[in-house]
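Undergrad: According to the working numbering, the sequence shown is numbered sequentially starting from 1. For every residue, glycine included, the Cβ atom is placed at its ideal position computed from N, Cα and C. Before anything else, here's the structure in question.
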Amino acid sequence: MSKPYDFLIVGAGFFGSICARELTNKGHRCLVIEKRAHIGGNCYTEKRDDIHLHIYGAHIFHTSNEKVWHWINQYARFNHYTNRPVANYQGELYALPFNMWTFNQLWGVNTPEEAQKIIEEQGKDMVDPQNLEEQAIRLVGKDIYEKLIKGYTAKQWMKDPKELPKEIIKRLPVRFTFDTNYFNDRFQGIPEGGYTQIFEKLLDGIEVRLGEDYLADKESYHALAEQVIYTGPIDAYFGYEFGELEYKTTRFDHVRHEYPNHQGVAVMNYTDEAVPYTRIIEHKHFEFNETPATWISYEYPEPYEASKTEPYYPVNDASNNALFERYKSLAAQEKNVFFGGRLGEYKYYDMHQIIERALSMVEANWG
Ligand code: FAD
Ligand code: UDP
Numbered sequence: 001m002s003k004p005y006d007f008l009i010v011g012a013g014f015f016g017s018i019c020a021r022e023l024t025n026k027g028h029r030c031l032v033i034e035k036r037a038h039i040g041g042n043c044y045t046e047k048r049d050d051i052h053l054h055i056y057g058a059h060i061f062h063t064s065n066e067k068v069w070h071w072i073n074q075y076a077r078f079n080h081y082t083n084r085p086v087a088n089y090q091g092e093l094y095a096l097p098f099n100m101w102t103f104n105q106l107w108g109v110n111t112p113e114e115a116q117k118i119i120e121e122q123g124k125d126m127v128d129p130q131n132l133e134e135q136a137i138r139l140v141g142k143d144i145y146e147k148l149i150k151g152y153t154a155k156q157w158m159k160d161p162k163e164l165p166k167e168i169i170k171r172l173p174v175r176f177t178f179d180t181n182y183f184n185d186r187f188q189g190i191p192e193g194g195y196t197q198i199f200e201k202l203l204d205g206i207e208v209r210l211g212e213d214y215l216a217d218k219e220s221y222h223a224l225a226e227q228v229i230y231t232g233p234i235d236a237y238f239g240y241e242f243g244e245l246e247y248k249t250t251r252f253d254h255v256r257h258e259y260p261n262h263q264g265v266a267v268m269n270y271t272d273e274a275v276p277y278t279r280i281i282e283h284k285h286f287e288f289n290e291t292p293a294t295w296i297s298y299e300y301p302e303p304y305e306a307s308k309t310e311p312y313y314p315v316n317d318a319s320n321n322a323l324f325e326r327y328k329s330l331a332a333q334e335k336n337v338f339f340g341g342r343l344g345e346y347k348y349y350d351m352h353q354i355i356e357r358a359l360s361m362v363e364a365n366w367g
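Structural data, given as structure tokens:
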């Protein structure tokens, strides 16, 4: 007897919602279950005082992939927001990412040549960087590492930067121009009206059950559908059989103020380790909103406890990646179950990469 659904999709974040939309468009019967009380995964936004709050931290859309940009524009109009965060180190303000303004503010230099000379001198011992600290010093020198990277990174990951993979710091551009755009990508913006409406459109006409945890009754859920697409943590799926993968989690404290402008910028990073939070987000600046009140969010890194706290960031170092490979081999043996997304693939993917991965998976398997 055929099952009531062709696909059970676990998780209503970007990966799950895209699969649900694309598969429904191809005529498949889909059921989406989501353990949280809302759709959108970590991209979820909520409207308060006419401001769209990024409930799980700042989400800035950026990509150089034309196919992805074209695809997402079917579901939202993007504003012209460009991310230009400010670093606050003990009250001194610096431009990010690392660019000529930063070098001028730190060293008083005015030319790329002068800046390059200082960085080369400070980074010359790091010939073959092996970890985040060495890589950072090589890229931007000791002064910037000490003021703008060391404390922030130690707080964010709750680890000594010497123990972190060097790839993390390569996410940030280093420029010898006066360009303060945080991203190098061709397309960038914030969806007008927030992210949640994208998910409402993606899931329009598709059955979605909120507040349901697939892992609470895997067998019964599986019996509902021919195939399963699972976007939760891969180690949890297998009952942590080989041990727990490491994630980083964060607490977001949202605070309302009666005045219109708290910090004059959407993202301010606090790079001194003594400040307990990593950044303050002021949501209205993502959308050039002039409402009389404002909402800000503090991001506090917190220790991760499997199944008790939310797994936000995979920690892609060698030992976690090796453990993931073991889970991946198990996953390959699971009949009719497909793993995807930031948690299912255990990769530090941004939204545009998730969109690309989800569209490719549907195309490759059910195109
Ligand atoms: P998720 O959004 O995590 O969705 C997975 C969903 O599955 C969740 O809703 C979860 O509740 C659900 N789920 C898990 N287990 C189960 C279960 N057992 N049963 C039912 N449901 C389950 N990307 C950018 O491009 N730009 C940014 O500026 C940016 N900023 C970020 C800031 C923060 C703080 C974080 C954490 C991420 C940021 N990202 C950013 C990355 C972005 O959030 C991810 O790329 C994207 O959300 C991943 O989508 P996903 O569907 O894989 O995962
Ligand atoms: N980082 C830093 N200082 C900053 C901003 C970032 O040291 O002011 C480092 C930190 O290690 C962080 C990494 O750069 O984890 C990547 O930053 P990104 O802004 O890409 O992190 P995400 O958006 O994923 O939180």
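1. Among M1, N25 and D6, which has the Cα closest to the Cα of L203?
2. Please identify the residue among D350, R48 and N321 whose C-alpha is closest to the C-alpha of L245.
3. List the whole-angstrom C-beta distance separating I296 from V255, where the pair is believed to meet the contact cut-off of C-beta under 8 Å.
4. Cβ atoms of S64 and D185: under 8 Å apart, would you say?
5. Between T45 and G232, which are expected to be in contact by the criterion C-beta below 8 Å, what is the C-beta distance as a whole number of angstroms?
6. Just the Cα atoms here: how many angstroms apart are I169 and S319?
7. Which runs of the alpha helix (DSSP H) spanning at least 4 residues fall entirely within the region 156 to 230, listed in chain order?
8. With H, G and I counted as helix, E and B as strand and the rest as coil, what does DSSP make of Y44?
9. Listed by chain order, which residues have C-beta atoms less than 6 Å from any heavy atom of the ligand UDP?
10. Quick check: the Cα distance between D317 and M1, rounded to an integer number of angstroms?
11. Assign R369 to buried or exposed, taking buried as 16 or more other Cβ atoms, counted over all protein chains shown, within 10 Å of its Cβ.
12. Is L31 closer than 8 Å to L224 when the C-beta atoms are compared?
13. Under 8 Å by Cβ, that's how I've got I354 and F15 pegged, so tell me the actual separation to the nearest angstrom.
14. Work out the CA separation of N99 and D179 for me, nearest whole Å.
15. Unbroken beta strand (DSSP E) runs of length 3 or more, entirely within the region 30 to 88: which are they?
16. Taking 8 Å as the cut-off, does the region 103 to 114 touch the region 72 to 81 (at least 3 CB pairs, one atom from each stretch)?
17. Cα separation between G243 and A332?
18. I'd like the span of the beta strand (DSSP E) that includes P301, first residue to last.
19. Are the CB atoms of Q140 and V86 nearer to each other than 8 Å?
20. Hey, would you say the C-beta of H352 is under 7 Å away from at least one heavy atom of the ligand FAD?
21. Taking the DSSP output, what are the residues bridged to V255?
22. Alpha carbon to alpha carbon, how far is G11 from F286?
23. Would you list the one or two residues that DSSP bridges to K248?
24. Buried or exposed: N88, going by 16 or more other Cβ atoms within 10 Å of its Cβ?
TA: Walking through what the data contain:
1. N25
2. N321
3. 5 Å
4. yes
5. Contact doesn't hold; Cβ gap of about 21 Å is too wide.
6. 19 Å
7. 196 to 202 and 218 to 222
8. coil
9. A87, L96, L148, I149, Y152, T153, Q156, I168, I169, R171, L172, N269 and T271
10. 45 Å
11. Residue numbering for the chain in the displayed model covers 1 to 367; residue 369 lies beyond these limits and cannot be assessed.
12. yes
13. 5 Å
14. 7 Å
15. 30 to 34, 45 to 48, 51 to 54 and 61 to 63
16. no
17. 18 Å
18. T294 to E302
19. Looking at the sequence shown, residue 140 is not Gln but Val. Not in contact: V140 and V86 (Cβ atoms no closer than 8 Å).
20. yes
21. I296
22. 26 Å
23. Y313
24. buried
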